[in-house]
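Some notes on the structure that comes next.
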Amino acid sequence: MSPRLNLIVLGKQGAGKGTQCTVLALKYGIPHVSTGDILRNAVKAGSELGQRVASVLEAGELVHDDLVNALVRERFTEADAQRGVLLDGFPRTLNQAEALEAMLGSDGIKLCINLDVAKELVIRRLSSRRVCQECGATYKDTDVEAISGTCTNCGGDVIQRTDDHPDAIRTRLETYERDTEPLLTFYGQREILVTVNGDQSPDDVTNAIVSVLHERGLA
Ligand code: ADP
Ligand code: ZN
Numbered sequence: 119m120s121p122r123l124n125l126i127v128l129g130k131q132g133a134g135k136g137t138q139c140t141v142l143a144l145k146y147g148i149p150h151v152s153t154g155d156i157l158r159n160a161v162k163a164g165s166e167l168g169q170r171v172a173s174v175l176e177a178g179e180l181v182h183d184d185l186v187n188a189l190v191r192e193r194f195t196e197a198d199a200q201r202g203v204l205l206d207g208f209p210r211t212l213n214q215a216e217a218l219e220a221m222l223g224s225d226g227i228k229l230c231i232n233l234d235v236a237k238e239l240v241i242r243r244l245s246s247r248r249v250c251q252e253c254g255a256t257y258k259d260t261d262v263e264a265i266s267g268t269c270t271n272c273g274g275d276v277i278q279r280t281d282d283h284p285d286a287i288r289t290r291l292e293t294y295e296r297d298t299e300p301l302l303t304f305y306g307q308r309e310i311l312v313t314v315n316g317d318q319s320p321d322d323v324t325n326a327i328v329s330v331l332h333e334r335g336l337a
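Each residue of the sequence shown is one higher than the one before, starting from 119 at the first, in the numbering used here.
What follows is the structure, given as structure tokens:
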């Protein structure tokens, strides 16, 4: 049996993690696990978890480590995660990275892909980002779907995420620098960090990631 392909995609909000994970998940047949999506879906469903985290998400702050760690631990037990997962938005604190290492063992993570994009560019991308509330498809504010408010994939409502408003964007990027950037050192020390330029077309970013996976004999 081939070893599990557990990959982390790291990068600032708006770096393109979700876009890349969607493509890579299809290509490699492993699920895209986005803690942000799991939490947003809980809010939308109005579950107990959702009610607990709604205001934290809206402010653009981080949900408590223990809660997120438990969600991910649970997700790893599902059948589709047995061949590996693409982690998007997790870990994003050192505590989470350590918890993940405890869950999977020290060689459980095969690669941490750092999608590198300048802060000014992600601020521009996030402010103009619109998303489908149903299927998560993303659009730009100038796209017909954003203007009409209807998703061409699924007919769902296309909206601006509450945390894509300017104040929340600022909070999220500050949080990223303070809590998540230290993970670059953490994974660098383990020699599983690669940095890919995120300021290229989505296809070029995918090709760059696929090349690295080949070079490392991972896929
Ligand atoms: P972004 O990275 O663009 O802010 P995400 O969809 O990854 O968006 O996450 C949205 C929100 O969900 C975060 O601002 C945070 O409140 C919460 N969240 C997601 N992942 C985590 C995590 N690993 N730890 C703590 N909070 C998280
Ligand atoms: Zn949709």
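Ideal Cβ positions, reconstructed from N, Cα and C, are used throughout, including at glycine.
Which of helix, strand or coil DSSP assigns to residue i
i	result
ILE231	strand
ILE287	helix
LEU128	strand
ASN315	strand
MET119	For MET119, the predicted structure reports a pLDDT of 43, less than 50, and the residue's modelled location is therefore unreliable. A value from the coordinates is still provided. Of the three classes helix, strand and coil, the one that applies to MET119 here is coil, per DSSP.
THR303	helix
ASP275	strand
HIS182	coil
ARG308	coil
LEU157	helix
Whole-Å CB distance - residue i paired with residue j, under 8 Å assumed
i	j	result
ARG191	ALA199	That pair is no contact at about 11 Å.
ARG243	GLY132	4 Å
Selection from the options that minimises the alpha carbon distance to residue i
i	options	result
GLU333	LEU229, ASP285, THR298, ALA160	LEU229
ILE287	LEU123, LEU180, MET221	LEU180
SER246	ILE265, CYS253, SER165	ILE265
CYS250	LEU233, LYS237, THR268	THR268
ARG279	THR298, GLY154, ASP183	GLY154
ALA188	ARG290, PRO209, GLU309	PRO209
HIS283	VAL240, THR270, GLY316, ASP261	VAL240
LEU302	THR293, THR313, GLU196	THR313
ALA143	VAL330, GLY202, THR293	GLY202
VAL330	LEU311, ASP317, SER165	LEU311
GLU292	GLY164, GLY178, ARG170	GLY178
Residue i Cβ short of 7 Å to the ligand HEM heavy atom set
i	result
ALA255	This structure simply doesn't include the ligand HEM; it includes the ligand ADP and the ligand ZN instead.
Cβ-Cβ distance between residue i and residue j below 8 Å
i	j	result
LEU212	PRO149	no
ILE90	ILE231	Because the chain in this structure spans residues 119 to 337, residue 90 falls outside the shown range and cannot be described.
GLY274	GLU252	yes
SER152	ASP234	no
LEU237	LYS130	Reading off the sequence, residue 237 comes out as Lys, not Leu. Yes, these two residues count as a Cβ contact at 8 Å.
VAL161	THR324	no
LEU204	CYS139	yes
ALA337	LEU123	yes
GLN214	VAL186	yes
ASP297	GLU176	no
GLY147	GLY316	no
Counterpart residues of residue i in DSSP-defined beta bridges
i	result
HIS150	LEU204
ARG248	TYR257
THR280	For THR280, which the question treats as bridged, DSSP gives no partner whatsoever.
THR268	ASP275
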